[in-house]
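**Q** Got a structure for you, questions after.
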Amino acid sequence: MKEKSEVWQGTLALMVLKSLEAMGPQHGYGIARRIEQISEDLLSINQGTLYPVLLKLEQEGTISSEWGVSDNHRRAKFYRLTKAGRKQLESDASQWQQTIGIVARFLALARGAR
Amino acid sequence: MKPLRRAWKRFIGAFGGSRCDAQLADEIEAHLQMQTEDNLRLGMSAEEARRAAVLKFGGVESVKESYRDQRGLPLVETFAQDVRYAFRSMRKNPEFAAAAILSLALGIGATTAIFSVADAVLLRSAPYRQPERLATVSVNGAIPAPLYEIFRHEARSIESAALFSEWYFNLAGQGEPERIPSARVSAELFALLGTAPELGRTFTADEDQRGRDSVVLIGDSLWKRRFGGDPNILGRTLLLNDAPHTVIGVMPPGFRFPEGPEHHATVGPFPPAEMWRPMALLDWERTCKGCFNFGMLIRQRPGVSPKEVTAELTEILRRHLRHGSLQDFAIAVVNLQDAVTGKVRTPIRILFGAVLMALAIACLNVANLLLARGLRRREEIAIRLSLGATRARVIQQGFTEALAFAVSAALLALPIAWAAVRGLIAIAPPGIPRIGTAAVDARMFGFALGLALLTAVLCGIAPAVMTARRAPGETMKTGGRTATAAPSRLRAALVVSEFALSLVLLVGSGLLFRSFITVSEIPLGFRADNVLTMRFSLPNSRYDDRRRATLIDRLISNCRALPGVTVAAATSTLPLTGEAEGWGLVAEDNPNHEKYTMVRVRAVTPGYFRTLGIRLRAGRDFNERDRGTVAVAIVSESAARRLWPGGADPLGRRLLNNPPMTVVGIVDDTHASGVDAEIRPYLYLPFWQFCPPDFAIAVRSASDPASLINAVKTEVWRIDKDQPVTHVALMKRIVADSIAPRRFQAILMTLFAAFALVLAAVGIYGVLSYAVAQRTQEIGIRMALGASRWSVVATVLKQACTLATAGAALGLVAAFRLAPLLSSLLYGAGVAEKPVFLGCAVLLVGVAVAASIIPARRAARLDPITCLRYE
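Below, the structure is given as structure tokens:
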């Protein structure tokens, strides 16, 4: 991994879904903070890039949104995971696990061969 | 499922617009504020906290942009945006937009209009069964009934045949008497054409006999106009030419046989018939071998060509010929469609070709304008590319703008086409068949629009493509100043083609005008000034020949007594109003005695020659003495030469007709069958000997003849108040009408040429202005180094002359090649009019120089200091 990893959209979408599952309804800033914390700042994203992803997920129906009030009494848009989103997260997560497993085994094999 | 749902959301989102934008802005703002607050808690200063928040967020605008792209359908939205942009830039540069749109609109409109007319006149085929097998047959322009019978029975190449001739019905009773153009036709005609009546039936063979022939068919237009489309019209009795006739059928709309200028040369152009009666030949008509009074229509056997029919008929004629030689008879078998449209086909095709050239010039011009604009914008495009616009996006914008131009032009072109069709119908010379049915043609409009669209699109995206291919930095480095060779060469080529095409049109219009002037200067053989004419008839049903001749005499002497009238006369036909009847005559003392000579026959009253100003060369005019038993005649000069080719003096010699006629005078030839037509030999007879029921009155006045119209009409109606007076016209007008086609062609061609010239001027102006603007620095340097203003002007003018001369040279080559196509429309020297070619080329270069004066002056006025600073 070179410096701080660039994040591609699919991964980001998965992270958003997982964050919402863990935290319950949350606004964009909260999601961004969560992703940064979990990745321990290894993963630095322009927080702005989150919003097109949120829009896409909402259009696909995996999340829904409504305006609400944040902890410090600020008006913000809250996103929540839908039923379809939960299903999506499950299948995506297991797919990831599988991919990671395959890639890890492959890399280990390659190293051994050298 | 998901992609579908997303597509739907996006479609909905495409209409959210500003509300969604505001929500997104709110959301982002909330995000930034939360981050700022967290940063403050970490101990940053207020300013620093906000800045860090924004940094962390990334480009707000680019987020909004990609958010927007995802929310709706970017293609649709950017399209709308581009359209708005296109119209805004049109408003910013109205001259440019007007020039481009107007030239395209005029090009499309004119092309559509001319094609619509051509389609109505030439292409739409007549509503007959297998029209390609229909043809007219004529011998020296018409056919006598006996010859018709011979041809019909003996020619194996003819499947069936019918006889027809012009007729007029005076429809009286119920409202004003009306003179209805009609036709006498054989009963076989309708079966031959394959046209069934809309109502009722057509003639039976029995009704084609004298005595049983008082039945008529009426046309759809007449039925609707005069009888309100009454379905009970069948069996109704109409008073026609004072005799009762029974209506037995109504012909369908569009049935207008016979029509057109060349059906029947003897009678002249037919107005489309609205009533038909049976031929029912009279006994003398049936047997008269010299009466070339009829038209003959045939249906050829399948697979037979008009040429083969001609050959067979010639052979038949040879067998039957007793007098004279075959060379004296010109047999013509002409396809019906050709007969109807023959005379107008070439001019219409040429005009269509011309208008296509004008359209091509319009397209070239728009190409030129759009390219020029695109080039000026290269820097802008480069900046946008470097700011992250994709190539596709930039090209898409060029495309949209071009589309906006073409669509605007199309919207403007539609009313132009409509008005042009109306205008063409209004100013068209008489005698173009079916022109009244022309309407804007959707196919042609589509074609012209497509061409315009293609041009606009190609030229609209070309600059974007060219710029997008290069690295943006390169274009910006040059500051858009340096002329890149390729587009400049392309634009020069466009201008040269514009000039070449313009020259072709100019030469065409020049040649047509030259011919028009030549023709209008031809001495007519008569004087048309101050002569009023009108037609009138004293029908056979009311008057016999003797009574009619007496009434005509009385009418003429009454007219002469009117104040202001110098002299008046009557004649069976006036010059230039169609051909007079043809007779074959044998002259006494003619070396080849047996030979029939064809002459045109015209009945006249004494004073006719004075009224029309025709010079009496020898002998005398008719007078009272000729009322006696001795038949007399006056011959035209060319008739005298043909009847007595040996040079014998015709005066006092006889023409062996029944009874024989003594020649008492010789008059000048007149251009009676057309100003530019060949002079025909004429025989003049007094009304006492030959008195057709239809005739014309001519009145020569000392002052304005138009003021006499009512007085003369009153005199006419004192003779018989039930007869309609028709064709009231000044002789001058008749002459003008007869050369109207030439004027019409010349004017249209000149319009096209003028249009082309203006476009070419705009084109070269654009190219030179651009060149001057691009070379501002160079010019400044040259002036700073001591070049005079004149040499700067000369540089610009030289460029103009080079382009124009190249265009003119190419155009001359093309014009020399294309001019022969015009030759059938020209008169006199025709294509050989070299001065016209040269004059047009000089004019063209002159226009180029004139158009380059403004850019040249702009170049000369440049201040060297400013130029060098110019960025």
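First to last, the sequence lines map onto chains A and B. 2 is the number of the first residue of the first sequence in the numbering used here; add one for each residue after it. 244 is the number of the first residue of the second sequence in the numbering used here; add one for each residue after it. Glycine included, C-beta positions come from ideal geometry on N, C-alpha and C.
1. Identify whether Asp233 (chain B) lies in helix, strand or coil by the three-state DSSP scheme.
2. Please name the residue or residues paired with Glu409 (chain B) in a DSSP beta bridge.
3. Determine the burial state of Ser408 (chain B): buried for a count of at least 16 other Cβ atoms within 10 Å of its Cβ, exposed for fewer.
4. Could you tell me the distance, in whole angstroms, from the CA atom of Val844 (chain B) to the CA atom of Arg897 (chain B)?
5. Does DSSP classify Glu505 (chain B) as helix, strand or coil?
6. Report all residues from its chain with a CB closer than 7 Å to the CB of Cys191 (chain B); omit the five preceding and five following residues, and keep chain order.
7. Among residues of its own chain, excluding the 5 on either side of Ile1121 (chain B), which ones have a beta-carbon nearer than 7 Å to its beta-carbon?
8. Between Gly11 (chain A) and chain B, is the shortest Cβ-Cβ distance under 8 Å, so that the two count as touching?
9. Asn1 (chain A): buried (16+ other C-beta within 10 angstroms of its C-beta) or exposed?
10. Is it true that the CB of Val577 (chain B) sits closer than 8 Å to the CB of Ala645 (chain B)?
11. Quick one: grab the DSSP three-state call for His28 (chain A).
12. Helix, strand or coil: which one does DSSP assign to Phe537 (chain B)?
13. What in chain A is Cβ-close to Arg249 (chain B), meaning under 7 Å?
14. Which one of B:Val774, B:Thr355, B:Lys307, B:Asn484 has the shortest CA to CA distance from Pro948 (chain B)?
15. Please list the residues of the segment 91 to 108 of chain A that have a C-beta atom closer than 9 Å to any C-beta atom in chain B, keeping them in chain order.
16. Does DSSP put Lys78 (chain A) in a helix, a strand or coil?
17. Would you check if the distance between the CB atom of Ser428 (chain B) and the CB atom of Ala405 (chain B) is smaller than 8 Å?
18. Where do the N-terminal and C-terminal ends of the beta strand (DSSP E) with Glu67 (chain A) fall, by residue?
19. Do you know how far the Cα of Ile1096 (chain B) is from the Cα of Val1039 (chain B)?
20. Would Ala625 (chain B) be called buried (16 or more neighbouring beta carbons within 10 Å of its own) or exposed?
21. Can you list, in chain order, the residues of its chain whose CB lies under 7 Å from that of Val708 (chain B), leaving out five sequence neighbours each side?
22. Contact criterion: CB-CB distance below 8 Å. Does Pro26 (chain A) meet it with respect to chain B?
23. Please indicate yes or no: does the CB of Leu365 (chain B) lie closer than 7 Å to some heavy atom of the ligand PLP?
24. Measure the C-alpha to C-alpha separation of Arg677 (chain B) and Ala363 (chain B) and round it to an integer number of angstroms.
25. Run the CB neighbour count on Met24 (chain A), radius 10 Å, all protein chains shown included, and call it buried at 16 or more, exposed below.
26. Taking its Cβ as the centre, do 16 or more other Cβ atoms sit within 10 Å of Trp68 (chain A), making it buried, or is it exposed?
27. Do we get a CB-CB distance below 8 Å when we pair Gly302 (chain B) with the residues of chain A?
28. If you count every other CB in all the chains shown that lies within 10 Å of the CB of Arg106 (chain A), and 16 or more means buried, which is it?
29. Where does Ile401 (chain B) sit, in a helix, a strand or coil, going by DSSP?
30. Would you mind working out which of B:Ala883, B:Leu886, B:Leu894, B:Leu928 sits nearest Pro902 (chain B), comparing C-alpha positions?
31. Is it buried or exposed, Val1056 (chain B), if we count other Cβ atoms within 10 angstroms and call 16 or more buried?
32. I need the straight-line Cα distance from Pro504 (chain B) to Lys586 (chain B), nearest angstrom please.
33. If you count every other CB in all the chains shown that lies within 10 Å of the CB of Ala445 (chain B), and 16 or more means buried, which is it?
34. What runs of the alpha helix (DSSP H), each 4 residues or longer, lie entirely inside the segment 801 to 878 of chain B?
35. Could you tell me whether the Cβ of Tyr30 (chain A) comes closer than 8 Å to any Cβ of chain B?
36. Count the C-beta pairs between the segment 71 to 86 of chain A and the segment 13 to 23 of chain A that are closer than 8 Å, then say yes if the count reaches three, no if not.
**A** So, to answer that:
1. Outside the shown range of chain B (244 to 1114) lies residue 233 (chain B), about which nothing can therefore be said.
2. Paired residue(s): B:Ala426.
3. Under the 10 Å beta carbon count, Ser408 (chain B) is surrounded by 16 or more other beta carbons and is classified as buried.
4. Each residue's alpha carbon lies about 16 Å from the other.
5. Bear in mind that the predicted position of Glu505 (chain B) carries a pLDDT of just 42, short of 50, making it unreliable; the figure below should be weighed with that in mind. The answer is coil: DSSP assigns Glu505 (chain B) none of H, G, I, E or B.
6. Residue numbering for chain B in the displayed model covers 244 to 1114; residue 191 (chain B) lies beyond these limits and cannot be assessed.
7. The structure shown does not extend to residue 1121 (chain B), since chain B is modelled only from 244 through 1114, so no value can be given for it.
8. No, Gly11 (chain A) does not count as interfacial toward chain B.
9. Look at the range of chain A in this structure, 2 to 115, and you will see that residue 1 (chain A) is not part of it.
10. No, the pair does not count as a contact, with Cβ atoms beyond the cut-off.
11. Secondary structure of His28 (chain A) (DSSP, three-state): strand.
12. DSSP places Phe537 (chain B) within a strand segment (E or B) once states are collapsed to three.
13. Per Cβ cutoff of 7 Å: Gln60, Glu61.
14. When each option's Cα is compared against that of Pro948 (chain B), the closest is B:Val774.
15. So nothing in the stretch comes that close.
16. Strand.
17. First, the residue type needs correcting, since residue 428 (chain B) is Val and not Ser in the sequence shown. Taking 8 Å as the Cβ cut-off, Val428 (chain B) and Ala405 (chain B) qualify as a contacting pair.
18. Membership of Glu67 (chain A) in the beta strand (DSSP E) is indicated by the continuous run 64 to 70.
19. About 9 Å.
20. Looking at its Cβ environment, which holds 16 or more other Cβ atoms inside 10 Å, Ala625 (chain B) is buried.
21. Excluding the 5 residues flanking it on each side, Val708 (chain B) has same chain C-beta neighbours closer than 7 Å at Ile638, in chain order.
22. Closer than 8 Å: no.
23. As far as ligands go, the structure on display features none, and thus does not contain the ligand PLP.
24. When only Cα atoms are considered, Arg677 (chain B) and Ala363 (chain B) end up about 6 Å apart.
25. When all chains shown are included, Met24 (chain A) counts as exposed.
26. Its Cβ having fewer than 16 others within 10 Å, Trp68 (chain A) is exposed.
27. Cβ-Cβ to chain A under 8 Å: yes for Gly302 (chain B).
28. A residue is called buried when at least 16 other Cβ atoms come within 10 angstroms of its Cβ; Arg106 (chain A) does not meet this threshold and is exposed.
29. Ile401 (chain B) falls in the strand class under three-state DSSP.
30. Closest option to Pro902 (chain B), Cα to Cα, is B:Leu928.
31. Exposed, by the Cβ-count rule.
32. Residue placement at Pro504 (chain B) cannot be trusted, given a pLDDT of 48 that sits under 50; what the coordinates show is reported in the next sentence. Put simply, the backbone Cα of Pro504 (chain B) is about 7 Å away from that of Lys586 (chain B).
33. Reading the sequence as shown, one finds Thr at residue 445 (chain B) and not Ala. Buried: at least 16 other Cβ atoms inside 10 Å.
34. Counting only runs that start and end inside the segment 801 to 878 of chain B, the alpha helix (DSSP H) elements of at least 4 residues fall at 851 to 855.
35. Tyr30 (chain A) counts as touching chain B.
36. In this structure the segment 71 to 86 of chain A lies against the segment 13 to 23 of chain A, because at least three pairs of beta carbons, one per stretch, are closer than 8 Å.
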